[in-house]
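I have placed the structure first, in the form of structure tokens, so that the comments after it can refer back to it.
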Amino acid sequence: AQKVTQAQTEISVVEKEDVTLDCVYETRDTTYYLFWYKQPPSGELVFLIRRNSFDEQNEISGRYSWNFQKSTSSFNFTITASQVVDSAVYFCALSEGFTSGTYKYIFGTGTRLKVLA
Amino acid sequence: DTAVSQTPKYLVTQMGNDKSIKCEQNLGHDTMYWYKQDSKKFLKIMFSYNNKELIINETVPNRFSPKSPDKAHLNLHINSLELGDSAVYFCASSQDPERGYNEQFFGPGTRLTVL
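Protein chains in written order, with the numbering used here: chain A, 55 to 171; chain B, 1098 to 1212.
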């Protein structure tokens, strides 16, 4: 069965520190997609990035970077030089359904990041 | 312009009542979803409709009934509300569910409190 594990429930860092949020997934499909979403205190869910199972290239977007490793079934998210505005709950999600034909998200339990000034 | 909107934003009601939450998207997407986020922030899919047809129906009590009058709208009706139904309910939409590549766009959420 598919599963997404975010083992870090809560992380606190001081502003300007780098922080990595871990995500480990399980799936039997060979075609799948991974996502990260941010949920700030205001409550909305904001899409950050997606990766497909055939693309292991790491990605950098400003202070954000993502490391996808199929060998360890991980899709980790790093924030460089964290800022107070990065404080949020971050969700990793697996989209899998190649076998069934209908994709659906399986969300991890989220990691609450607190960036202290 | 709001891409995915939900009404109401807050809903406080008594146990046993029936209530509805409305969702509309103006993105032209074919697929819409309902998610439940509990007090521990755990997000779980409940239903999904593609072009007004139900395609995902997770293990949800029969008291919950989604209705899609057209592909831009997906409403959630809940009968005989229970304390455990208290949660934030999110509507979302995406294009083309056969391609899991497409991200989902979420509404602002509806916080339901059952007293």
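Quick reminder that beta carbons are idealized off the backbone N, C-alpha and C, glycines included.
Partners in chain A for residue i, counting only beta-carbon separations shorter than 7 Å
i	result
B:L1140	F145 and F161
B:P1205	G97 and E98
Under 7 Å from the C-beta of residue i: neighbouring residues of chain B
i	result
A:S149	G1197
A:F89	E1200
Min CB distance residue i to chain A below 9 Å
i	result
B:E1150	no
B:A1184	no
B:Q1201	yes
B:K1137	yes
Minimum Cβ-Cβ distance from residue i to chain B less than 9 Å
i	result
A:L99	yes
A:Y79	no
A:T85	yes
A:R166	yes
A:Q93	yes
Given residue i as reference, the closest of the options once Cα atoms are compared
i	options	result
B:Q1202	A:G151, A:A142, A:V78 and A:K92	It is worth fixing the name first, because residue 1202 of chain B is Phe in this sequence and not Gln. Considering only alpha carbons, the answer is A:K92.
A:P94	A:V139, A:L148 and A:Y157	A:V139
A:S154	A:A135, A:T85 and A:G97	A:T85
A:S96	A:A142, A:K158, A:T126 and A:G151	A:A142
B:Q1192	B:N1114, B:S1145, B:K1137 and B:T1110	B:S1145
B:A1100	B:R1160, B:H1170 and B:N1114	B:H1170
A:E98	A:W120, A:Y144 and A:T163	A:Y144
B:H1174	B:N1148, B:L1180, B:Y1186 and B:D1167	B:Y1186
B:V1157	B:E1150, B:D1167 and B:I1142	B:I1142
A:Q123	A:A61, A:R117, A:R105 and A:I133	A:R105
B:T1210	B:D1182, B:E1150, B:C1188 and B:A1189	B:D1182
B:G1125	B:R1208, B:I1118 and B:N1147	B:N1147
A:F108	A:K158, A:G116 and A:S125	A:S125
B:S1117	B:P1205, B:S1102 and B:S1162	B:S1162
Rounded straight-line distance, which links the Cα of residue j to that of residue i
i	j	result
A:I65	B:Q1134	21 Å
A:Y87	A:F161	12 Å
B:M1129	B:I1153	10 Å
A:K168	B:D1127	36 Å
A:E69	B:G1197	35 Å
B:K1106	A:C77	31 Å
A:S136	A:L102	16 Å
A:E80	A:L170	33 Å
A:E150	A:D83	7 Å
A:I114	B:W1131	31 Å
B:E1121	A:C146	25 Å
B:A1184	A:T63	19 Å
B:S1165	B:L1180	26 Å
A:S128	A:N121	8 Å
B:L1178	A:E71	45 Å
B:N1199	A:V100	14 Å
B:R1160	B:N1176	5 Å
A:Y157	B:N1114	33 Å
A:S119	A:T132	5 Å
8 Å Cβ cut-off: residues of chain A touching residue i
i	result
B:S1145	T156 and K158
> Which residues, in chain order, does the segment 104-126 of chain A contribute to contact with chain B at a C-beta distance below 9 Å?
Replying inline: Here the close residues are R104 and N106.
> According to a CB-to-CB cut-off of less than 8 Å, which residues of the segment 1115-1128 of chain B neighbour chain A?
Replying inline: So the list is empty, because no residue satisfies the distance condition.
> Listed in chain order, which residues of the segment 1153-1177 of chain B have Cβ atoms closer than 9 Å to some Cβ of chain A?
Replying inline: Going along the segment 1153-1177 of chain B in chain order, one finds I1153 and E1155 with a Cβ nearer than 9 Å to chain A.
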